[in-house]
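Same order as they appear, the protein sequences are chains A and E. In terms of the numbering used here, the first sequence is residues 65 to 475. In terms of the numbering used here, the second sequence is residues 65 to 475. Built from N, CA and C at the ideal position, the CB exists for glycine as well. The structure presented is a predicted model; accordingly, all values stated were derived computationally and were not measured.
There are 2 protein chains.
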Amino acid sequence: MFRKLLSLDEAKQILKQNFSPEPVGVERVSLSEAHDRVLAEDIMAPMDVPPFDRSTVDGYAVRAVDTFGADEDRPVALKFCGQVTVGESPSIVVEKGMAAEIATGAPLPKGADAVVMIEYSTRRDDDVFIHRPVSKVENMMEAGSDIRKGEKILKKYQRLSSREIGVLAALGLTEVDVYKRPRVAILSTGAEVVEPGKPLPSGKIYDINAYAFSAAVLECGGEPINLGIIPDDRTRLKAAVERALDSADAVITSGGVSVGPKDLIPQVVDTLGKPGVIISGIAVKPGKPTTIAIVDGKPVFSLPGHPTSSLLMFHMIVRPIICRMAGRTEETPSTLKAVAATKMFPARGRRTFVMVNLTYDKTGKPLASPVPTGLSGAITTLARADGFVEIPEKQQFIDVGTTINVYLFYE
Amino acid sequence: MFRKLLSLDEAKQILKQNFSPEPVGVERVSLSEAHDRVLAEDIMAPMDVPPFDRSTVDGYAVRAVDTFGADEDRPVALKFCGQVTVGESPSIVVEKGMAAEIATGAPLPKGADAVVMIEYSTRRDDDVFIHRPVSKVENMMEAGSDIRKGEKILKKYQRLSSREIGVLAALGLTEVDVYKRPRVAILSTGAEVVEPGKPLPSGKIYDINAYAFSAAVLECGGEPINLGIIPDDRTRLKAAVERALDSADAVITSGGVSVGPKDLIPQVVDTLGKPGVIISGIAVKPGKPTTIAIVDGKPVFSLPGHPTSSLLMFHMIVRPIICRMAGRTEETPSTLKAVAATKMFPARGRRTFVMVNLTYDKTGKPLASPVPTGLSGAITTLARADGFVEIPEKQQFIDVGTTINVYLFYE
Chain A
65 MFRKLLSLDE AKQILKQNFS PEPVGVERVS LSEAHDRVLA EDIMAPMDVP
115 PFDRSTVDGY AVRAVDTFGA DEDRPVALKF CGQVTVGESP SIVVEKGMAA
165 EIATGAPLPK GADAVVMIEY STRRDDDVFI HRPVSKVENM MEAGSDIRKG
215 EKILKKYQRL SSREIGVLAA LGLTEVDVYK RPRVAILSTG AEVVEPGKPL
265 PSGKIYDINA YAFSAAVLEC GGEPINLGII PDDRTRLKAA VERALDSADA
315 VITSGGVSVG PKDLIPQVVD TLGKPGVIIS GIAVKPGKPT TIAIVDGKPV
365 FSLPGHPTSS LLMFHMIVRP IICRMAGRTE ETPSTLKAVA ATKMFPARGR
415 RTFVMVNLTY DKTGKPLASP VPTGLSGAIT TLARADGFVE IPEKQQFIDV
465 GTTINVYLFY E
Chain E
65 MFRKLLSLDE AKQILKQNFS PEPVGVERVS LSEAHDRVLA EDIMAPMDVP
115 PFDRSTVDGY AVRAVDTFGA DEDRPVALKF CGQVTVGESP SIVVEKGMAA
165 EIATGAPLPK GADAVVMIEY STRRDDDVFI HRPVSKVENM MEAGSDIRKG
215 EKILKKYQRL SSREIGVLAA LGLTEVDVYK RPRVAILSTG AEVVEPGKPL
265 PSGKIYDINA YAFSAAVLEC GGEPINLGII PDDRTRLKAA VERALDSADA
315 VITSGGVSVG PKDLIPQVVD TLGKPGVIIS GIAVKPGKPT TIAIVDGKPV
365 FSLPGHPTSS LLMFHMIVRP IICRMAGRTE ETPSTLKAVA ATKMFPARGR
415 RTFVMVNLTY DKTGKPLASP VPTGLSGAIT TLARADGFVE IPEKQQFIDV
465 GTTINVYLFY E
């Protein structure tokens, strides 16, 4: 009955040898749909930004050399030769000794190579007096100084925030290639689970995992497909997992992986394709019965029925895979360094995850305290935790005051 | 021409006196749409979780008192009285001296008050030998021990992650009240801006702000409505802002707020309702021309045309307001403490924001270095920055090695 379980690191290693998570495809989306997606192409600037020499102030476009020697008391006198407003293509030419009135953002007229701020000029009819010299390209942005035509300005795998969307708009782009969201089929098993909203017969509980996983898949950049609750029957389970594999890029099941006679999931999954079940139990607490199969290139994660265990294993094992399949490069949950507020103990011989809350001391230093619970199946334990702490198999305990890594449940 | 500008703190104070950002409404959504929304109701548990006394192990349901004194060599002998599987409503009763086989997750039969793990039992026909005593409620979860019926389990203003969605599912809830996403109308002005995708005539640039703001509004939990580019014409601008106010809860315009004769936005907005323009320029760099109006209870943010300036002002002033209107309680951009890697100087007499990149030293300590740029309109400055540092009006400089707050551009 007892057998040597894989350690978490061994399990991760075996998973890595059998499955390389890669983006599942590319699709073209409009700029207004591109937010929070992951770029699937390098963006080479198709044009200069700004596209022309541009004034960054209101003032006079001049030849810098004409202003040399100007000062407050002995201004240089230049001849007014016209006006340039924003959005126009200037036809005037600033010859030697001339100055053109120019607005912020307007293109520099030919001949001019700098702009004098309006504050340092006075004007009398067609005479423009310059009270301060400017050097070449002062108060202007040269064409291409922000982005040079042909420059690789954004790289494949860049996640697109408002700032990158701004860059794409600056280049006049309206569509962009992004990685497809991986479809993740989710199914629950177990004679005791009932769909929320239905009446709850005595002895049954509502299906938590399908909903929690669906939201967690969204958090990874995936698209959840909730296939609902499948009865504990070999034929129906097989049909459901086959349907899941047909319609999705990865499958998550929950329940049905303990040692009971009705725990059919591993048996069923193992018949569906090669190599089949590669991980059958992991020495972690909670989460021990976790089973992982690869079926013809698609991963099937069979997680325990207990919501805290299964959502924790989702964070540790499934999340990095789905993130990678979505093109996201962050491989692990984000972490934060905190100080242990109490002693924490591992379960004997198993890597143990302790749910913790974070508080902050007066200096802003984060302190981690275990969420009080003795309840391995408690959904509230998870909802009340900010993250979890990992205690290695061989460590006796974490002492008060030790600096530890806290894996955060949120980004 | 020069006038005393409001400081950023004065401007924020005036904004606060004139506008209290509140959620714009409530809508009911299904659990599968609730992810990342903000709860608009307190959730009182309509039932116990678990709904019944539940075994947390595979083993035998017993009366704890019957096992007292059991040990490895002298087991207590109990009579097998039946089997309880998960999902069923047990009809058997565990009388004194009896034991019922029970699976993980199955309901405890009447009479039993603890479970002995299968590892500590042996069975011969109808005799069950218990090798270790259990105390009352050992290896079981009592009904309501996770969530008690009537308990306030989630509070209004809670943002819903996968973990809270799990709690709602546990309670059998399928719908929940969340705050409506505030609609934010976005319009660009300026003779020089052209919609991305259209041909770019000489002297023009593509409209960056409308796209960057749309994505930034999504990041705040709002719903952007991009009204496009409005020509610099008083009648058309007025009609556009009126349309924006009709269709949205807040309006953001960009461009048209400098001192040029075509900068009509403040004049137009001031005619539309009370109190009208409340802030007309702020002593910050960049972002000085920022104008804010309240028109019959709706805020109109008129930001400069330069993308870096306007997106920075969005982060400082607009973002906290839209977040609050979306029901999010985080009021300011998130910050991180970092060490200044170089000296940083403010612009004279103005609160200055310096865009910075973060790197990490060997101990993991973050270092902030200014993004190299002299270009106030550069969109790439923003895209390359991780965040910004605020230098107060009266501070001379930030010295190398000082610990400073970095406002992050991402959450």
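Starting from the beta carbon of residue i, find every residue of chain E whose beta carbon is closer than 8 Å, and list them in chain order.
i	result
LYS268(A)	PRO115, GLY151
ILE455(A)	By Cβ distance, chain E contributes nothing, its closest Cβ being about 21 Å from ILE455(A), past 8 Å.
Please go through the same chain and pick out, in chain order, the residues whose beta-carbon is closer than 8 Å to the beta-carbon of residue i, but skip the five residues on each side of it.
i	result
PRO456(E)	PRO410, ARG415
HIS99(E)	LEU224, SER225, SER226, ILE229
Comparing C-alpha positions only, which one of the options sits nearest to residue i?
i	options	result
PHE116(E)	LYS220(E), GLN459(E), MET205(E)	MET205(E)
LEU376(A)	ILE289(A), PHE277(A), ALA109(A)	PHE277(A)
GLU256(A)	ARG245(A), GLY236(A), ILE294(A), ALA234(A)	ILE294(A)
GLU159(E)	LEU172(E), ASN203(E), GLY267(E)	LEU172(E)
ARG212(E)	ALA314(E), ARG392(E), PRO114(E)	PRO114(E)
GLN222(A)	ILE386(A), VAL240(A), ALA405(A)	VAL240(A)
VAL198(E)	SER209(E), GLY208(E), SER185(E)	SER185(E)
PRO263(A)	PRO110(E), MET380(E), THR399(E), VAL192(E)	PRO110(E)
PRO289(A)	GLU283(A), ALA303(A), ILE269(A), VAL315(A)	According to the sequence provided, residue 289(A) is Ile. The question's Pro does not apply to it. Here the closest residue by C-alpha is VAL315(A).
LEU367(E)	ALA141(E), LYS426(E), MET380(E)	MET380(E)
LEU291(E)	THR253(E), ASP210(E), ILE194(E), THR354(E)	THR253(E)
May I have the straight-line CA-CA distance separating residue i from residue j, to the nearest angstrom?
i	j	result
LEU301(E)	LEU251(E)	10 Å
VAL464(E)	ALA402(E)	11 Å
ASP130(E)	SER119(E)	18 Å
LEU235(A)	GLU152(A)	19 Å
LYS362(A)	VAL348(A)	24 Å
ASN273(E)	GLU215(E)	47 Å
LYS80(E)	THR299(E)	30 Å
ASP189(A)	VAL126(A)	17 Å
PHE452(A)	LEU72(A)	15 Å
GLY337(A)	ALA357(A)	9 Å
PRO371(A)	ASP271(A)	9 Å
ALA304(A)	GLY319(A)	14 Å
SER84(E)	ALA449(A)	32 Å
THR406(E)	LEU103(E)	44 Å
CYS145(E)	PHE132(E)	19 Å
PRO260(A)	THR168(E)	21 Å
GLY123(A)	LEU422(E)	36 Å
TYR243(E)	GLU283(E)	15 Å
THR445(A)	SER209(E)	11 Å
ILE166(E)	PRO154(E)	10 Å
Taking C-beta pairs closer than 7 Å, name the residues in chain E that residue i reaches, listed in chain order.
i	result
VAL231(A)	ILE443, THR444, ALA447
HIS195(A)	Within chain E, no residue comes near HIS195(A); the closest Cβ sits about 15 Å away, beyond 7 Å.
Could you name the residues of chain E that residue i contacts, counting a contact when the two beta carbons are closer than 9 Å?
i	result
ILE211(A)	ALA442, ILE443, THR444
What would DSSP say about residue i, mapped onto helix, strand or coil?
i	result
LYS244(E)	coil
GLU457(E)	coil
MET65(E)	With a pLDDT of 36 at MET65(E), under the threshold of 50, the modelled position of that residue is not reliable, and no figure is offered here.
MET111(A)	coil
LYS76(A)	helix
ASP49(A)	With chain A represented from 65 up to 475, any question about residue 49(A) goes unanswered, as that position is not in the structure.
CYS387(E)	helix
PHE417(E)	strand
VAL470(E)	strand
ASN203(E)	coil
PHE144(E)	strand
PRO87(A)	coil
LYS216(A)	strand
THR444(A)	helix
LEU237(E)	coil
GLU287(A)	strand
Counting only Cβ pairs nearer than 9 Å, list the residues of chain A close to residue i.
i	result
LEU376(E)	Here the premise fails: no neighbours, minimum Cβ distance about 11 Å.
Which residues in the same chain have their Cβ closer than 6 Å to the Cβ of residue i, if we skip the five residues on either side of it in sequence?
i	result
GLU202(E)	ALA178
SER373(A)	PRO350, GLY351
Would you mind telling me which residues of chain A sit closer than 8 Å to residue i, beta carbon to beta carbon, in chain order?
i	result
GLY254(E)	VAL150, GLY151, GLY169
ASP271(E)	ALA233
For residue i, which residues in the same chain have their Cβ closer than 7 Å to its Cβ, ignoring the five residues on either side in sequence?
i	result
MET408(A)	VAL418, PRO434, VAL453, ILE455, PHE461, ILE462
LEU400(A)	PRO430, VAL470, LEU472
Between residue i and the ligand NAP, is there a pair consisting of the residue's CB and a ligand heavy atom that are separated by less than 8 Å?
i	result
MET181(A)	Within the structure as shown, the ligand NAP is missing, as the structure has no ligands at all.
Along chain A, in chain order, which residues have C-beta atoms closer than 7 Å to that of residue i?
i	result
PRO110(E)	Those do not exist, as PRO110(E) stays about 10 Å from chain A at its closest Cβ, beyond 7 Å.
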